[in-house]
Every structure is written in C-alpha cells, then in structure tokens.
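Q: In the order they appear, the protein sequences are chains S and R.
Under full-length UniProt numbering, the first residue of the first sequence is numbered 1, with each subsequent residue one higher.
Under full-length UniProt numbering, the first residue of the second sequence is numbered 1, with each subsequent residue one higher.
Protein chains: 2
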Amino acid sequence: MESEQLFNRGYGRSSYNSIASASSDEELLDGVLMDFHTAEDDSLLDGDASPGGNYSMSNGGNAASSSTHLLDLLDEPIPGVGTYDDFHTIDWVREKCKDRERHRKINSKKKESAWEFTKSLYDAWSGWLVVTLTGLASGALAGVIDIAADWMNDLKEGVCLSALWFNHEQCCWGSNETTFAERDKCPQWKTWAELILGQAEGPGSYIMNYFMYTYWALAFAFLAVSLVKVFAPYACGSGIPEIKTILSGFIIRGYLGKWTLMIKTITLVLAVASGLSLGKEGPLVHVACCCGNIFSYLFPKYSKNEAKKREVLSAASAAGVSVAFGAPIGGVLFSLEEVSYYFPLKTLWRSFFAALVAAFVLRSINPFGNSRLVLFYVEYHTPWYLFELFPFILLGVFGGLWGAFFIRANIAWCRRRKSTRFGKYPVLEVIAVAAITAIVAFPNPYTRQNTSELIKELFTDCGPLESSQLCQYRSQMNGSRAFSDATEATATPGVYSAMWQLCLALIFKIIMTIFTFGLKVPSGLFIPSMLAYYHHDWFLFKEWCEVGADCITPGLYAMVGAAACLGGVTRMTVSLVVIVFELTGGLEYIVPLMAAVMTSKWVGDAFGREGIYEAHIRLNGYPFLDAKEEFTHTTLASEVMRPRPGDPPLAVLTQDDLTVEDLQTVINETSYNGFPVIVSKESQRLVGFALRRDITIAIENARRKQEGIVRNSRVYFTQHAPTLPADSPRPLKLRSILDMSPFTVTDHTPMEIVVDIFRKLGLRQCLVTHNGRLLGIITKKDILRHMAQMANLDPESIMFN
Amino acid sequence: MESEQLFNRGYGRSSYNSIASASSDEELLDGVLMDFHTAEDDSLLDGDASPGGNYSMSNGGNAASSSTHLLDLLDEPIPGVGTYDDFHTIDWVREKCKDRERHRKINSKKKESAWEFTKSLYDAWSGWLVVTLTGLASGALAGVIDIAADWMNDLKEGVCLSALWFNHEQCCWGSNETTFAERDKCPQWKTWAELILGQAEGPGSYIMNYFMYTYWALAFAFLAVSLVKVFAPYACGSGIPEIKTILSGFIIRGYLGKWTLMIKTITLVLAVASGLSLGKEGPLVHVACCCGNIFSYLFPKYSKNEAKKREVLSAASAAGVSVAFGAPIGGVLFSLEEVSYYFPLKTLWRSFFAALVAAFVLRSINPFGNSRLVLFYVEYHTPWYLFELFPFILLGVFGGLWGAFFIRANIAWCRRRKSTRFGKYPVLEVIAVAAITAIVAFPNPYTRQNTSELIKELFTDCGPLESSQLCQYRSQMNGSRAFSDATEATATPGVYSAMWQLCLALIFKIIMTIFTFGLKVPSGLFIPSMLAYYHHDWFLFKEWCEVGADCITPGLYAMVGAAACLGGVTRMTVSLVVIVFELTGGLEYIVPLMAAVMTSKWVGDAFGREGIYEAHIRLNGYPFLDAKEEFTHTTLASEVMRPRPGDPPLAVLTQDDLTVEDLQTVINETSYNGFPVIVSKESQRLVGFALRRDITIAIENARRKQEGIVRNSRVYFTQHAPTLPADSPRPLKLRSILDMSPFTVTDHTPMEIVVDIFRKLGLRQCLVTHNGRLLGIITKKDILRHMAQMANLDPESIMFN
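(1) Mind checking who P676 of chain R pairs with in its DSSP beta bridge?
(2) What does the alpha-carbon distance come out to for the pair S21 of chain R and M740 of chain R?
(3) Is Q765 of chain R buried or exposed, if buried means 16 or more other CB atoms sit within 10 Å of its CB?
(4) Using CA coordinates, which residue listed in S:A359, S:F360 and S:G331 is at the minimum distance from T347 of chain S?
(5) Closer than 8 Å: is that where the CB of V580 of chain S sits relative to any heavy atom of the ligand NAP?
(6) Between the alpha carbons of N107 of chain S and D694 of chain R, how many angstroms are there, rounded?
(7) So for G143 of chain S, helix, strand or coil by DSSP?
(8) So with Cβ pairs under 9 Å, would you call I753 of chain S a contact of chain R?
(9) Please give me, in chain order, every unbroken run of the alpha helix (DSSP H) with length at least 4 that falls completely inside the stretch 183 to 228 of chain S.
(10) Do I365 of chain S and G139 of chain S have their C-beta atoms within less than 9 Å of each other?
(11) For A235 of chain R, I'd like the list of residues in its chain whose CB is within less than 7 Å of its CB, leaving aside the five on either flank, ordered along the chain.
(12) R350 of chain S to L164 of chain R, Cα distance in whole Å?
(13) Does N792 of chain R pass the burial test, meaning 16 or more other C-beta atoms within 10 Å, or should it be called exposed?
(14) Under 9 Å, do S303 of chain S and S340 of chain S count as touching if we go by C-beta distance?
(15) Taking a contact to mean a Cβ-Cβ separation below 9 Å, would you say I329 of chain R touches V578 of chain R in this structure?
(16) Using the C-alpha atoms, what's the distance from V430 of chain S back to K424 of chain S?
(17) If contacts are defined as beta-carbon pairs under 8 Å, then I145 of chain R and K280 of chain R qualify, I think. What distance do you get, rounded to the angstrom?
(18) Any chance the stretch 640 to 649 of chain R sits against the stretch 610 to 617 of chain R, with 3 or more Cβ pairs inside 8 Å?
(19) Note down, in chain order, all residues in the stretch 333 to 358 of chain R with a beta-carbon under 9 Å from any beta-carbon belonging to chain S.
(20) Does H103 of chain R get closer than 9 Å to chain S when you measure Cβ to Cβ?
(21) What's the C-alpha gap between H103 of chain S and I252 of chain S?
(22) Starting from the Cα of F442 of chain S, find the closest Cα among S:R644, S:L223 and S:Y215 and give me that residue.
(23) Going by DSSP, what residues sit across from C160 of chain R in a beta bridge?
(24) Taking the alpha carbon of T570 of chain R as the reference point, which residue from R:I667, R:I407 and R:S120 has its own alpha carbon closest?
(25) Figure out for me which residue from R:E95, R:G567, R:F758 and R:R416 has the closest Cα to the Cα of E306 of chain R.
(26) Measuring only the C-alpha atoms, how far is S680 of chain R from T744 of chain S?
(27) Taking P648 of chain S as the reference, give the member of S:L763, S:L775 and S:E707 with the closest Cα.
(28) Applying the 10 Å Cβ sphere with the 16-neighbour rule, what's the burial state of G548 of chain R?
(29) What residues in the stretch 593 to 610 of chain R bring their beta carbon closer than 9 Å to a beta carbon of chain S?
(30) Taking three-plus beta-carbon pairs below 8 Å as touching, is the stretch 240 to 247 of chain R in contact with the stretch 393 to 402 of chain R?
(31) Can you tell which of R:V768, R:K760 and R:H786 has its C-alpha closest to the C-alpha of P344 of chain R?
(32) Could you give the distance in angstroms between the alpha-carbon of K733 of chain R and the alpha-carbon of H720 of chain R?
(33) Starting from the Cα of V666 of chain S, find the closest Cα among S:F87, S:L576 and S:L653 and give me that residue.
(34) Taking DSSP as the reference, what is the three-state secondary structure of F88 of chain R?
(35) Is the shortest distance between the beta-carbon of F360 of chain S and the beta-carbons of chain R less than 9 Å?
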C-alpha cells in the first residue's frame, strides 16, 4: 500500500526534474549581466518545443541526462516518503498532485491491454462505488441502531411476552391504539411490576417500575462508558468537531477505524437506551464517516491519498445526516456548510448520491414502521399568515439566546472537566449523570418517553384521533375540535398537568443536556436541542389563540422553535432549514423556518461567533482553520513568520555544500517538520523545500541500499553532483525528495491574503521572501497562533495535541 | 464613486508601506554575507513589537518617515487607480483586500461618533438589504412577466370582451371549467374569428384564427428583436453563459445595466408570447442579476468592489431561479453548482434569503392563481417500485443522448450564424423562425398552447375531473378510471390523435429549440428542454401498464423524463433534482430523479464534457476558467509562461533607475496590462507588480499636480528616493501603485497547481521565478490558451473579445 503511493510521488517528482534538468545548474544566472529579459535560455524551456506532447515521462530520461556515474537509486521511490505522522497536517496541494499523477499513469497505461483498461474503468468508477458502499452501510447501520435503541429503550419499562425481541409498539401491533394514552392497555406488553410483582397498579408496582427503569438506565450507561473506555476511546462524544478537524486536513489515526465504528455503534444504542439526554444524530455522522473511511481502504485511489479520502468522508457525513433525519438534501448541505473543508462539485454529486442511497436503504429497513423517509411527517398544510412572522422571529431570538447560553455553559463545564481532577473519573461521571437523569425523568411522562416520540407528538397537529393530554388542552382552547370522549370539564386538569410536566421537562432537559454533551459516551445534541424549545411556543400559541378562533397550528411553532434552538447551538442556517423541512415535509413553511433560523444565528453570533462544534474544536486545541471566520487585521506576513526577532536563525539547508553529518545535526537540533533549501548562505535564494520525515527516511534508505554513504558524504539537491575533491566520499543525491515548487509570499503580503491562501489551497506551510531572498516561514499553526493573539486570546492556551 | 474606492486602495497600500518602511531599502540585503538566518534585522519586523496593536495607520507616519523633502502627493489616492477597463479580468485578491481595508476603516471610526456608528451598522446590514431588495424586485418582475406573457399569449387567440386586460383563464373565471377541452366554451372570451367574422366554427374562422395567431406571433417577435437591436444588444439570449463569465471575474459593462433590464423584461414577455420555442427561466436569471447589479449601486460597499458585487450577483441568480421555478433551495444550489465562481458561506446564506424573498413576493403576486409557490404541483403520492428504476435510468440515457445531440446541433448552428453572412440579419432570422413556429404550431393543440400549460397537463395525473385527450387515453388503458362522460368507444380516436399530435409536437419542439436558442431575443431553454421529453415516457408507460393493472403514475415518468433531458442539456445534477422536486412537490421521487439525472449526465459527458452554457461560453470566446474541468496534463509553469522561446524579452521595470520617458516607452511599445518591477536588471530579483492602467493614470496625475515632473524625471518604486546628481529633475515616486505582494510560483511548479491557484484565488496573473529570480509571467488567458492547446484545440480559435 505504501509503496505505490511513494512510487507515484517519486515518479512525479523525478519526471518534473528530468524535464527541467537543463535549468538545474542553480548558479546559471548568478552574476551574469542579463538583458531586460531573463529566460531566453531555450534549453530552459525545452518542454515548450513540443507543446501538447507526451510528458508521461520515463525514469530512463533522468538516468540518461545524469552526468554523474552514480546509480540514481534515489530516483526510485523511497518507502515511507510522502506519508504523514499521526496528529500532523496534510498538504492538500501535494496530495492532489499525487492523485493526478496516479490518474495520468493509469490513463497512459489504459490502451496497453484489456486488463489495464478494466483497471482504469474500475479506477474511474471506484469513487461512485465507495460512496455507494458507504451509503449502503450507513443506511443499514442506522436502521439497526434505530431498531435496537427502540427495543432497549422500551426494555427499561417492560418486555413483550409474546416475543421478547418486539418493542412496545411492535408488541401492541394488533391493537391499533398505540398512542400515548393507550400505551399501557396492550395485553402482551408487561411492565416489570406486572412481571415481578404480578400487579399493574398501585404504589408498589410504581416503585418497582421506577427501580427497574433506573436499574436498566444505569446498566446501559455503565456498559456504554466501559466499552468506550476499554476498547475505543475515540468513540465518545458527538464526533463532529473531530470530523471537521479531520476534513480540514488533520491526521487522527484510528478516529475513523473499525474499532471505533463497532464500539460507537454498540454504545450509541446503549447510550440512547439509557435515557441520557442525548441524540443519536451526531454520532450517526461519525458512524457513517467510519464506514466511509473503512470502505476507502478497498480502493487504492482513496486509501493512499489523504485528500481523496476526505472527499469520501465528506460524502459519508452527508449520508450520516441523511439517515439521521431522513433528509438527503439537508445532509448534502450539512456536509457543505458545516463539516467539509474542500468540497469540489464532484464531491457534491457523490455526497448527494451517498445520501440518497443511505436514505433509500433506511426506508427499505423501515425502522419507524411508516414507510416514509420523513421521521416527523406533519400532515398539516394550513398556510401561515404574514403577522405570524413576528412570533417566529421571537422564537429565533430565544433560540439564539438559548444557543449562546448552552455553548457557554457546556464549554465551561467541559473545561472544568478537562482541567480538574474531576475529569479523571469518566465512568463515575457517566453513571452519576445517568442516575440523576433516570431518577428525575421517570415521574414525568414527557421525559420518560423516547425523545423522538415526544418531538413527534409535539410536532403533530391534534386530530380527532389524537389522545395525548396536550390535545385535550388544544381541543379545549379551540373549542371547535372537541376531543371525542373527553368533555371540556374533565379536560382542563389534564391540560394543566401536561403544561406543568412540559415545563419541568424543558428545564430538566436543558440542564441535563449541558452536562451530557461531552461525556465519554457517544452523544449528539441535535435532538435534545430541538426538544429544548418545544415548550415555548405554548404560550405564544395561547396568546394568538385568544385573538382568533381559527387557531394557528401549534405544531408549526414547535417545529420553528426547535429549528431556532438548533440553529442557535450549531449556527447552521441553510442546511438546518432544509433538514427541518425534509424532516417534516412542510414545504410551505420554509419562510418561517428561515426567518427563525437566521434570527437565531444573528442573536447567537452577537454573543459569540462560534457554534458548539467550533467551540469544542478550540477547547480540544485542534489545528482547525475555520473558513467562516474572517481575518480582518492588517498585519503583514513579515510579522507572523518565524523566526521572530530574537529567535534563533531559520534552519535552512544549502543545496550542495552540506554533508550527511551536517544534515543530521540540523535535523537533530531542531524539531521543525521541514527545511527550506537555498542556493547558498550568501545569496539566500530559495530552491525548494524538504520535509524532515522525507530527509530522515531518505538518509536511512541510502545508508541501507547505497554503498559509500558515510558521515561526511556530500548531500546535494541539485540535478548534477557538485565537483568534489578526488578523495571525497560518494555524494548523496536528494533531489527526488525536494519539493521544487514551494509556496512563497513576500514579506509585504497582508496576512488576510496569506490566511486566504492557506484556507483555499490547504497549505501546511508557506515561505516568506523579500525581493527574491528567503526570510522566514509561516506554518498553519503560526497562523492559528497569530489569529488567537489578534483575538486577544492567550496563544499558549491553544495547545495542539 | 471612484474616489472612495481609490482612497481605500491608496490608503491600504500606503499604510502597508509605512509599516514596512524600515525594510524598504531594497538593497539592504544585497551582497551582505549573512548568517544561516536572513531576517534578524529587528527594524524589519518592528510591527511585531506590539502584537495585537493597532495598525489602523495614518498617512502621517509615512510623511514623517520620508527622508526626502518631496510632498508625497502620490501617497494620496490617485483617481482611477484600481478600476478596470471593459472586457478585463478582475483581480479577486486585490478586490477582497480593498474590501477588508474599507471594513477596517469603518470599524476603527465606529466609536468616534453616533453618526459613524450608524454608518457602520448600515454598512454591516447593507449586504442583507441589497439581497432583500434584489429578491423583492426579482419576485415582482417575475410576477409581472408571468402575468403579461400569459395575457399576450392568449391575445394571439382572442380577447376578453368583458375586460380586455384579462387573459383567457381569468376571463373564464366564472365558469369553473377552464381545462383544456372546455376552454372554448367560455362566453366572454371571443376568438378573433368570432370578433371579425362573427362566427366561431367553420373553415373560414379557422383560417382567420390561424392568420391572427401568426400575425400576432410575428408582431411580437418583430417588436422583441427590434427593441433588442436598437436599445440593448446585451438583452438577447439566455444570459446565463455571460453571467457565468461575469461571476468568474470578467467585466462586461452594461450587460447587467438598467437598459438591459428594461428591454429584457419587455422583450422576454414579447418573445414568450410570440410562441417561439423558448422558456423564460434563463432570462429571468438575467433579469434578477440586473436587479442585483442595479441595487448594488446604492451601496458603496458593493458598487465599488467588483468581488463584492459578484456576491450580490450570485444571490441574485439564486433569486432568479427561485422565481423561475418557485424553487428557493434549487435556486441556491443552481447558483452554487452552475453559475457561481466564488461562493463563500455568507453568500450561501444571502442567496438563500434572496431566493426566499423572491419566491415569497411571487407567491403574494400569485400569477398562477393557485396560491402555491409550486408551479406544477403534482398531487400524486403513490410510491414507486424498485423495478421502475430501470425505465428511469433508460430515460436518463435518452436524456443524455438528447442533451449531447442538442448541444452539438445548436452550437453548429450558432457557429454558422457567427461565421457566415447569415448572422448579419438577426431581425429577419427571428421573424423567419417565429413565422415557421407559428405556422407549424397552430394546427397542433399541444404546440399551440402555452408551454408551461402543456407541461402542467403532462405532469398531472388523470383524475375523474380531468378532461384532456391524454386522460381519455389513460382512462381507457386502465379501464378502472373511466372518464365520466366519454364512453370507451369514442375515447380511442381521441387518444390516438393525442398521441400523434404529441409525437409531432415533440419533433417540432426539438427542431425549433435548436434554432431558437441563441437568437437575438431573450431566450431560455429550461422549459423547452423539459418539454422535449414528455413524450417518450408514453410508450414506456404503455408497456408497463400492460403488465399490471394498478398502473404506474405516468406523470412521474414525464417529470423524470423532463429532468433527464434538462440534465443532458445543462449537465446540472443536484440543483436540477432539487428544482424538479420543489417544482412538483414530490419529495418521494428524489431517488428516481437522481438516478435519471445522474445517468443523463454520465451519458452526456461521454459525448462531450461541456454543458450548453459552457459550450456557448467557448463559442463566444469568453475567458472563463471552468472549475469543473480538471487539468490533467504534466506541463510545468516554465512551459506556459511568457515570454516563450523566441519571443521578445519580458517587459520589466527596474525599481529606481527608469525615467518617466523610459516608462512611457515601455508602456507605448507593449500592450501588456502590467509589468513586474525588479531590483535591477543584473539581479532580476522581483520587487512587485505594477498595472499599466495605474501607471498611466499616476503619471498623468503627477504631471497635472506635481511640479517639476518632466520627461527625464527619475521614477522610483522604492521607499526612499535614489541619490541623484544635484541638477537632476525632481523624481517621481510610484510606490503607492506598486503591488508589493504579487503571486509567484517557481518554474518547476506543475501547471495543475498553477491552474488550481488561479481558480481558487481568482488571480489575473502570476509571476514565475527560478531560484528567486524573475523568469516570466502567466496570465489567465495564457492558461486558457494552454488548456485549449492541450485539448488539441486551436488556441487561436479561442478569440477573446
């Protein structure tokens, strides 16, 4: 696997070198008085003599032009050159070059044989294949998780005697009344009290049910946290901050591996079933990304190229959102707006395809038993009125405030966990939170039931068949839609207790979600956030209802409120509107949704520009260069580059007068990841850039394979060996590991342009020159530090792990 | 208007200069043997002494550090510097810098007074304001166009006696039966024959109607083409190729001006009403972009910055598609996938907002009288079956083939028009096409009626109230849904004649659309393309119907077929699926649509990778660097840069030893748009880049304002004036127009990277260096020429106008 990658790279480099070999005399132009024109040396441009010609390059050309008698062993690929260490930043430009080189190689071979042609076809289609597989796997896993979580969630309350593997709803399939009020009237379904004590009513059975509920919740939570702790520490949390970081070009080995996938799938089911205030939506994105990563290993095109792999991951995250909400378009937009860094159009198409495949598979599995992609399908299509925009915007304001508050509180809590001893006992913490959640949740039917079921109930408009307590309320308020077997007199207490319970549920969910997000179990916050606001619309609804008899759809307010809250927390906009609209099928309500979500974002941004994911990225100190954050300061590249005044001089290599020993001294004495190569110390003119990892590997490789490489062997990066005294040892040619097209900016370049270049091209480092002379270097981390400094943050608090 | 732009720019430059003034002695480092480190000169990095400090810079600093006794008049903004000529490419990086500088200036002033604070708030909100206005205007104009086109279209057939300004449908408002068959039974509506001849039936009245139909069609067409020819030549065509080019950073003055807007609005109505085979969807995008452009003149933030203006245009094009199809999300994706070049997330949000506002306004105007955003709302929600994917994919294949054929045929015809004498008579051509269209269209009811009406009819499923001939067919085929007052025996002839007419209509529409697209009238091709395929599903439908009794929804096939055709022609994917799905409200049918559209794209791409818009861009020779097309060749920057071998040397300026006369000689003798500035001819080290336009303006300005500037005045780009003999005339300082951070690449840089940089950063030119010395220059046009050369096209055929 490694060797082909390297082969491509070495191949590409050497071919570029051979084309430009005529210009490789690095001092060609030195001291020569030239005319107004610089590059009239025809041989320099010899490639131009045959425009459109075939540069598909042979290594032979290099050997032929080599004037020394060395075996150019180093023009062969060196194993390990071009790979990355863990927790390093990738170089997008280099990766994309590598891929195009690979592509060209396959294309040029294509006509040689039928086999090569098949291979090229396979290669061309592997992109679609890998996203199809990812979509299939994500859809299937989401289906399994949905079914398992449903079953285990109901296990906390009782079992189905006729078939143990049925959940409450499936168990009561025969009796059609599976709504909230009639849930307990199904004969096959036995609560734990009925099973153990033999009685369904009374305080004894209530306590028994309460105990069993808490017992199962604690058991699930303990199992989840233990599994994560023992097998896959990366399986905790929502995963979206890390996925954003990985997609922006960072290497976190194992974060998307098979162990993480397995443990995350299992613990996600456990965590959801334990009743913790978390959603399965964020983790589903992580699961989908794991699938994408694992399938990408089947295709060398993706497994050996970090940039290409990230294209698959972008598509996978779209598939993840697609199955989490049944929203394929929303998934694509989520991937585009929220997580992806490099999102070419090809990825857009593939993401959409993956999202569709995943949604299609999930629909075929049909975990919700309604044969719809849409989870919370709302039936109402009543138009909304223009004056309603005001309460919608108000909902947006509240959503924004809630988002800002949630982010602050959650980050403060997580920072505390990170910095104090308290974070040393994750298992204990999870069990404590689970215990509190279970104990507080059980008495209130709104917190006891499944979160998604609750949202479904809140979103749904009251029909005559609806039996929940909320609808009794509504039927009373509206007067016209009286509930069939509930008189107005009996309805009132039900309504007030429902409102009371909802109030409590809201407060409880808000508090618990703050403590839950960031626990060492898989946890998402989409659904809790959406839930958190369901309540508010209530009062608004009441208010408006008193105005007119034909009342406003309360479900719509719940929907808009939920979107506003989620918007406040995540600061998503378009993708959120599309997700909610796909989630509910309410094409008519885009304008209210948009109004609320935009307001929520603006209000939230007024209190702090970061969404919860960005906040967690910063908390964890990942080197993430946010594309949304604008750099508005007037600093220049010369102020950011290293070396700073007072620092030791920039570690550079000269192109032909270092020995192996010198090189190793430089490498040992510094910890930089790469070194600029210059013509000579006198001229300081830049030749190229060599990576530390590549140099180390190349020297080791040369020692093993090439004879006569000793400590005082001369190292040269030029095309031709320098003229050496007769008795000197054999020189070592390192041109093949030299990047001869490093990015440079001048010292006068405003940092805003530099930041832009880094973002758009995905650079790892950039060299700074002044009038053609090398001055310094700027790395991605320098930029992040500088940005933190400009924002008056302590740059040292941004610790990169 | 011009002056503030310049002020910002001059300001920014000079401030950068003042910060870096200590390092401005360009020869500081020359010939000095330095240590391993280059930049230990503390004064060079003096900005670093106060990190996070305020660089909000005063011009005074510059004057203070100036060691000469000159009035630094040129540090003041020079009127005209920083603007662009017509048909030139903009420099995105420079524009964005300018904007940030402006932003900083406003921010730093903000705290000075309440007025400044208000101004800063206004500035911050102007982005939202301008997209809101654009959305409002686009929605309103689209409503007016829809109503007017409807009315004029019906005018060809007759008038409403009760109210002349009513169209056929509105006229017959009272009688509820406005379906196809009962159209003629409305008493207020008089056909021309009834009015003139006094009789409704018979061959005489048929001929009269035929004549009047043709007469009006010709009158409308003639009026349209004359208006375009006389008042606004840019108002012709669909406009999307030009908008794509403009958005990619090209200046075409007047293309989005008020005249174009006015004439395009009027002629679009005329062209649609004339019955030509064109749609109003593409032109609506042009109209929306004109609105966006005009409103952006109200806000200096946008009017004075070409890059910012393009953000508004991106949003406007989303609004255009939004009103054209009633598809706000589709509009945003269209803008993202098809037309936009630079699409930051902020633009995504604003585009979505503009699209929503526009759609909302259109819904309020309610031109279709159904109070829906959705134009062709389909009522059916029958699920589709997995085996149906096969015919859907087949539809995709046909769509791709049709697209490839259409593009070739249309481009061949347009090229003929461009190259032969034939193109000299646009008015004649339009009238001829209109005459043929009208004459052929009238006898066939499917071509006679409005295109959108036809599509609506084809998309709709047959209900018992449906009276079109197609439904008689269906009711007979299915047996079960017998049409109420049509027996099976009488239905058959109607069905066969309907099929026959549809066949003819299909062939006719295909042929006419090829000739129509590219005429000198506003013409879009969305709807014709969608229409073109409605027919094919017919046979498929029949086939499947024979298999099962519960038949497949034929409207779905029409919808999928239309999407496949449009996909084949435009090569859109995600946006097209979303548009169709929003157009029809069929959330369930995303998977079939996606399958057909992707197949159509793949099949189409097999015959030629360009969509119709890219093909027209290439036909017109616009300098458009397509982000979708990958550059896969292995050429190096040194092979593409100019000067080529044998060319005259690169025209460069030296930083301090030219006179005004020398400078003018260089400018007069070359036609380049800019010149690199180097330290000296000996060293060839790059200092910066100066634009021709800026140099000319600066010299003229200096001659006017500064005394003592004569022909042999020394020109210098350095911070300090060079030491001159005592009797020499006063020197001219041009540092303020010097771009001190030009983009450079090394000669070894693979062209794929260079192309990537140009695309992503939106460069206009890039300098090529070798070991720190200037070798040559690569412009956007060089890259386009090189790409054409690599694709074995004649680069000279790509004529840039």
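Don't be surprised by glycine CBs; every beta carbon is placed ideally from N, CA and C.
A: Concretely, from the data shown:
(1) Reading the second sequence from its first residue, position 676 is the one you call residue 676 of chain R. DSSP, once it has assigned bridges, lists R:F689 as partnering P676 of chain R.
(2) Counted from its first residue, the second sequence places residue 21 of chain R at position 21. Counted from its first residue, the second sequence places residue 740 of chain R at position 740. In this predicted model, S21 of chain R has a pLDDT of only 35, less than 50, meaning its place in the structure is not dependable; the value taken from the coordinates is given anyway. For S21 of chain R and M740 of chain R, the distance between alpha carbons rounds to 12 Å.
(3) On the second sequence, position 765 is the one that residue 765 of chain R refers to. Buried is the label assigned to Q765 of chain R, since at least 16 other Cβ atoms lie within 10 Å of its Cβ.
(4) Reading the first sequence from its first residue, position 347 is the one you call residue 347 of chain S. For the residues S:A359, S:F360 and S:G331, the minimum Cα distance to T347 of chain S belongs to S:G331.
(5) The ligand NAP is not part of the structure shown, which contains no ligands of any sort.
(6) For the purposes of this step, residue 107 of chain S is identified with residue 107 of the first sequence, where counting begins at 1. For the purposes of this step, residue 694 of chain R is identified with residue 694 of the second sequence, where counting begins at 1. Going by the C-alpha atoms only, they are around 46 Å apart.
(7) Here residue 143 of chain S is taken as the residue at index 143 of the first sequence, counted from 1. DSSP places G143 of chain S in helix when its eight states are reduced to three.
(8) Looking up residue 753 of chain S in the first sequence gives position 753. So yes, I753 of chain S belongs to the interface.
(9) Listed in chain order, the complete alpha helix (DSSP H) runs (minimum 4 residues) inside the stretch 183 to 228 of chain S are 192 to 196.
(10) The residue you call residue 365 of chain S lines up with position 365 of the first sequence. The residue you call residue 139 of chain S lines up with position 139 of the first sequence. Contact flag set, yes.
(11) Residue 235 of chain R sits at position 235 when you count from the first residue of the second sequence. Hits under 7 Å: V228, T260, I263, K264, T267 and P522.
(12) Sequence index remark: in the first sequence, residue 350 of chain S carries index 350 (1-based). Sequence index remark: in the second sequence, residue 164 of chain R carries index 164 (1-based). The alpha-carbon atoms of R350 of chain S and L164 of chain R are separated by roughly 53 Å.
(13) Residue numbering aside, residue 792 of chain R sits at position 792 when the second sequence is read from its first letter. It counts as exposed.
(14) Here residue 303 of chain S is taken as the residue at index 303 of the first sequence, counted from 1. Here residue 340 of chain S is taken as the residue at index 340 of the first sequence, counted from 1. Not closer than 9 Å, so no.
(15) Here residue 329 of chain R refers to the residue found at position 329 of the second sequence. Here residue 578 of chain R refers to the residue found at position 578 of the second sequence. Their beta carbons are under 9 Å apart, which means I329 of chain R touches V578 of chain R by this criterion.
(16) Position 424 of the first sequence, counted from the start, is the residue given in the question as residue 424 of chain S. Position 430 of the first sequence, counted from the start, is the residue given in the question as residue 430 of chain S. The alpha-carbon atoms of K424 of chain S and V430 of chain S are separated by roughly 12 Å.
(17) Numbered from 1 along the second sequence, position 145 holds the residue referred to as residue 145 of chain R. Numbered from 1 along the second sequence, position 280 holds the residue referred to as residue 280 of chain R. With a Cβ gap of about 6 Å, I145 of chain R and K280 of chain R count as contacting.
(18) no
(19) Within the stretch 333 to 358 of chain R, the residues whose Cβ lies closer than 9 Å to some Cβ of chain S are L333, L336, E337, P344, L345, K346, L348, W349, S351, F352, F353, L356 and V357, listed in chain order.
(20) Numbered from 1 along the second sequence, position 103 holds the residue referred to as residue 103 of chain R. Interface residue, yes.
(21) Numbered from its first residue, the first sequence carries residue 103 of chain S at position 103. Numbered from its first residue, the first sequence carries residue 252 of chain S at position 252. C-alpha separation (whole angstroms): 27 Å.
(22) Here residue 442 of chain S refers to the residue found at position 442 when the first sequence is read from its first residue. When each option's Cα is compared against that of F442 of chain S, the closest is S:Y215.
(23) The residue labelled residue 160 of chain R in the question sits at position 160 within the second sequence. Answer is R:W189.
(24) Counting from 1 along the second sequence, the entry for residue 570 of chain R is found at position 570. Nearest C-alpha to T570 of chain R: R:I407.
(25) Along the second sequence, one-based indexing puts residue 306 of chain R at 306. Out of R:E95, R:G567, R:F758 and R:R416, R:E95 has the C-alpha closest to the C-alpha of E306 of chain R.
(26) Along the second sequence, read from residue 1 onward, the residue named residue 680 of chain R stands at position 680. Along the first sequence, read from residue 1 onward, the residue named residue 744 of chain S stands at position 744. Near 21 Å, if we compare the C-alpha coordinates of T744 of chain S and S680 of chain R.
(27) Here residue 648 of chain S refers to the residue found at position 648 of the first sequence. Measuring from the Cα of P648 of chain S, the nearest candidate turns out to be S:L775.
(28) Working through the second sequence from its first residue, we reach residue 548 of chain R at position 548. Note that G548 of chain R scores a pLDDT of 38, beneath 50, so its modelled location is shaky; the value from the coordinates is reported in the next line. Exposed.
(29) For the stretch 593 to 610 of chain R, which is checked against every Cβ of chain S, the residues closer than 9 Å are M594, A595, M598 and K601.
(30) The stretch 240 to 247 of chain R is not in contact with the stretch 393 to 402 of chain R.
(31) In the second sequence, counting from the first residue as 1, residue 344 of chain R sits at position 344. For the residues R:V768, R:K760 and R:H786, the minimum Cα distance to P344 of chain R belongs to R:K760.
(32) For the purposes of this step, residue 733 of chain R is taken as the residue at position 733 of the second sequence. For the purposes of this step, residue 720 of chain R is taken as the residue at position 720 of the second sequence. Cα-Cα distance, rounded: 9 Å.
(33) On the first sequence, residue 666 of chain S is found 666 positions in, with the first residue counted as 1. For the residues S:F87, S:L576 and S:L653, the minimum Cα distance to V666 of chain S belongs to S:L653.
(34) Counting from 1 along the second sequence, the entry for residue 88 of chain R is found at position 88. Checking the sequence shown, residue 88 of chain R turns out to be His, not Phe. Three-state result, H88 of chain R: coil.
(35) As a position in the first sequence, residue 360 of chain S is number 360, starting the count at 1. So yes, F360 of chain S belongs to the interface.
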